[in-house]
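This report concerns only the one structure given below.
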Amino acid sequence: MPPNLWRSSLLPMLHPVLESRLRAALTAVLPDADLSSVQVRPTGDPKLGDYQANAVMSLAKEKRMNPRQLAAEVVAKLDLTDLCEGVEVAGPGFLNFRIRSSAYEAVLQAALRGEHLFVDRATAPRTVVVDFSSPNVAKPMHVGHIRSTVLGDALSRTLRVLGHRVETDNHIGDWGTQFGMLLIGWKTLLDREALERDAIAELERLYKSVNAACDADPAARERAKAELVKLQAGDAENLSIWKEMIRLSQVQFDTIYGRLGVKFDHTLGESFYNPWLGPVVQDLANLGVARDSDGAKAVFSDGSIPPKEDPFKIQRDGEWLDAPLLVQKSDGGFNYATTDLATLEYRLKTWAPSEILYVTDGRQQGHFRQVFAAFKLWQPEAAARVRLVHVWFGSILGEDGKPFKTRSGDTVKLADLLDEAEERALAVVREKRPDLPAAEQAEIARVVGLGAIKYQDLLPNRQSDYVFSWDKMLALQGNTAPYLQYQYTRAAKLVRDGGFDPASGAAIRIEAPEERALARQLVNFGIVLAAVAEECRPNYLCNYLYDLAGHSSRFYEACPVLKSEEPLRSSRLALCHLTAAVLKQGLGCLGIGVSEKM
RNA sequence: GCGCCCGUAGCUCAGUUGGAUAGAGCAUCCGCCUUCUAAGCGGACGGUCAUUGGUUCGAAUCCAAUCGGGCGCACCA
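End of the first sequence sits at 2035 in the numbering used here; the numbers just go up one at a time, nothing left out.
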């Protein structure tokens, strides 16, 4: 890339320019080197510079060269005078880049003109199917659904901001053995008034009471089973009751998703795939992928990989035994593996995605390993064209370290959880901002309460269990949603009070160290979003935003904005504007809203 | 028994191809509001990264073993 080209282009980030120039220099020194691992990343410690590259050390090791000498040769070939104040070779062979203020200013200026927000939108968008939330019909949504819902939503939003096509699909549990009991309950125990009042509670009551009856009396279990068989055979009455139960449940789902601000492009429940289950098993059997096993049909290993890595093998008493995936029960019924395979085939045919993300809890790892492997045996060519990712997460625990339950031991309903978050937030808003009208307080409490729940869920590494804590979540200090939302309102208010117009063509000047630190953080927004999408870890974004909030706070502390003289005033207002924009967009990627006042 | 995950400050947790002196919040202590939102900022205190060995210029990160914890192991999803 010729020098200075980046200035006139719409480049939203600096590190790709450094990377491509570094690659060019490396090619000049080592024409045949593999440069795929060459990366330029922000330095961990700003004292060392703004960006660093470590690749020279590993390349030197590969080529059995002296790393410091190689680094020196590469630096000699690097022309970065337009971007960097200097490039240093440090320690055993680190390359440290110190960015010129003018380079930061140019990127910020382009952002101010609205050309980008430090994010590189995909030039070749991928289609990604995101499967998440998946609540069950006739049951209340509970805490167990929040991680999947919040994570899946955040990943979908982030992928879209990066320019990818996303198909969100809610694979609801609308089919299964529980409907036998629900049908019996509906026909014999239904309380119409209770159904009017709270449909889900009534359905839950029916299920619990029939379930108890079945446990006590095998004859009751048989009657439930008979209702299920009738439903599956297409009995008109049972079908219409079943559809009504789905409709009532969907009303509940829609209410909750509405509150959470979560939308699905598709809601294709398990029942949608019923017509394909038989053919899928037939196809698997015809191809020899599935075979009879104790009266059932199951997918076995083809022995092509070592047993240790084979999801269809298990070791017992030193011997490797088959651990097949069951696709048809001995009574002829199908199970969730069958549905998952049919679903997978449907998604590939319908949307041709390059990637499918399954956002479920970690206990299903074994299942998905088997389903993905079974699909590969079934349709190798299709499997080769798609990346199937199980995006798994840990459990939510109570303060006692055990799975999160109410005091009486019941699961915590999602609706109650959201209510309590808003109530607690409202109490804080009333205390902090008694000057605001009640309606405005309520709206702030809504945004803050929901944000707090989502943020607490997204902040920990998704694979670890986390402890649910009202106090920590709604705390006003520390790495929490309310803190980030507060920093947004501060920046936004400065922009308003300053009467700043981003289109005014204000010139940005980066001089104070706090301005520089803030600029550096802003410019690195896109790197973080890319990492979130790549590893399906929104917590990277949480930590980035927390750091950004810290930098902006220190900037206000050290650099007066409204009280400064022009042109400094406009330059700093521009920084506030961009900070607010990135905070809003970043929180937006997490599905968290902001309020103009707090 | 086999497999997956985890063990980091008193507590709750981060830690991006292995990278520079391991970070944050809470708690404790000390500063800073007649000055753009103090829901804030700065500072102090606090760690044998479970243990032991290995790989290498370099290990919380990779490998092996041990100890401790969670979860999963075909006709539920």
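The beta-carbon is built from N, C-alpha and C at its ideal position, and this holds for glycine as well.
{"Query": "Threshold first: 4 residues or longer. Then list the alpha helix (DSSP H) segments lying entirely within the segment 1785 to 1840, N to C.", "Result": "1802 to 1815, 1817 to 1821"}
{"Query": "Considering just the uninterrupted stretch of the beta strand (DSSP E) at glycine 1610, what are its terminal residues?", "Result": "Unbroken run through glycine 1610: none, as it is neither H nor E."}
{"Query": "Give me, in chain order, the residues of the same chain whose beta-carbon lies closer than 7 Å to that of methionine 1910; leave out the 5 immediate sequence neighbours on both sides.", "Result": "Ala1889, Ile1890, Gln1893, Thr1917"}
{"Query": "With DSSP collapsed to three states, give me the class of glutamate 2003.", "Result": "coil"}
{"Query": "My output table needs one value for serine 1730: the three-state DSSP class, helix, strand or coil.", "Result": "strand"}
{"Query": "By the three-class DSSP mapping on this structure, what secondary structure does glutamine 1900 have?", "Result": "coil"}
{"Query": "Output the boundary residues of the alpha helix (DSSP H) element that contains leucine 1931.", "Result": "1918 to 1934"}
{"Query": "Give the straight-line distance between the Cα atoms of alanine 1943 and glycine 2023, rounded to the nearest whole angstrom.", "Result": "24 Å"}
{"Query": "Which class does isoleucine 1881 belong to by DSSP, given the choice of helix, strand or coil?", "Result": "helix"}
{"Query": "Give the range of the alpha helix (DSSP H) segment to which alanine 1657 is assigned.", "Result": "1655 to 1669"}
{"Query": "Is the beta carbon of arginine 1584 closer than 7 Å to that of phenylalanine 1830?", "Result": "yes"}
{"Query": "Examine the Cβ distances between the segment 1635 to 1654 and the segment 1528 to 1546 and report whether three or more of them are shorter than 8 Å.", "Result": "no"}
{"Query": "Which residues in the same chain have their Cβ closer than 6 Å to the Cβ of histidine 1988, if we skip the five residues on either side of it in sequence?", "Result": "Ala1954, Leu1955, Gln1958"}
{"Query": "My understanding is that leucine 1620 touches glutamate 1664, with C-beta atoms under 8 Å, so please give their C-beta distance in whole angstroms.", "Result": "4 Å"}
{"Query": "Quick one: is glycine 2028 buried, meaning 16 or more other Cβ sit within 10 Å of its Cβ, or exposed?", "Result": "buried"}
{"Query": "Thinking just about the alpha-carbon of each residue, which of Val1828, Glu1525, His1553 is nearest to the one in leucine 1451?", "Result": "His1553"}
{"Query": "Identify whether glutamine 1752 lies in helix, strand or coil by the three-state DSSP scheme.", "Result": "strand"}
{"Query": "Would you kindly report the start and end of the unbroken alpha helix (DSSP H) that includes glutamate 1971?", "Result": "1962 to 1972"}
{"Query": "In angstroms, rounded to a whole number, what distance separates the CA positions of histidine 1703 and threonine 1605?", "Result": "6 Å"}
{"Query": "Tell me which same chain residues have a C-beta within less than 6 Å of the C-beta of methionine 1438, skipping the five on either side of it?", "Result": "Per-residue confidence for methionine 1438 stands at a pLDDT of 41, beneath the threshold of 50, marking its modelled position as unreliable; the derived number appears in the next sentence. Ser1457, listed in sequence order."}
{"Query": "So what's glutamine 1765 in DSSP terms, helix, strand or just coil?", "Result": "strand"}
{"Query": "Measuring alpha carbon to alpha carbon, tell me which of Asp1635, Ala1591, Val1544, Pro1504 ends up nearest glycine 1530.", "Result": "Pro1504"}
{"Query": "So, helix, strand or coil for glycine 1600, using DSSP?", "Result": "coil"}
{"Query": "Using three-state DSSP, classify leucine 2010 as helix, strand or coil.", "Result": "helix"}
{"Query": "Checking 7 Å against the spacing of the C-beta atoms, do leucine 1763 and alanine 1735 come in under that value?", "Result": "yes"}
{"Query": "What is the DSSP secondary structure of cysteine 1996, counted as helix, strand or coil?", "Result": "coil"}
{"Query": "Got a sec? Which residues, its chain only, sit under 7 Å from leucine 2015 by beta carbon, not counting five neighbours each side?", "Result": "Leu1545, Ala1548, Leu1549, Leu1959"}
{"Query": "For isoleucine 1693, which three-state DSSP category applies?", "Result": "helix"}
{"Query": "How would you write the range of the alpha helix (DSSP H) that asparagine 1772 sits in, first residue to last?", "Result": "Per DSSP, asparagine 1772 belongs to no alpha helix (DSSP H) and is neither H nor E."}
{"Query": "Considering glutamine 1719, what are the terminal residues of the alpha helix (DSSP H) in which it resides?", "Result": "1711 to 1723"}
{"Query": "Quick one: Cα of isoleucine 1751 to Cα of alanine 1575, how far?", "Result": "36 Å"}
{"Query": "Please name the residue or residues paired with lysine 1498 in a DSSP beta bridge.", "Result": "In the DSSP output, where bridge partners are listed per residue, lysine 1498 has none listed."}
{"Query": "Closest to alanine 1727 by CA distance: which of Ala1657, Arg1478, Ala1774 is it?", "Result": "Ala1774"}
{"Query": "Return helix, strand or coil for proline 1975, following the three-state DSSP convention.", "Result": "coil"}
{"Query": "Contact defined as beta carbons within less than 8 Å: I believe valine 1567 pairs with leucine 1592. What is the distance between those atoms, to the nearest angstrom?", "Result": "6 Å"}
{"Query": "Examine the Cβ distances between the segment 1660 to 1679 and the segment 1606 to 1625 and report whether three or more of them are shorter than 8 Å.", "Result": "yes"}
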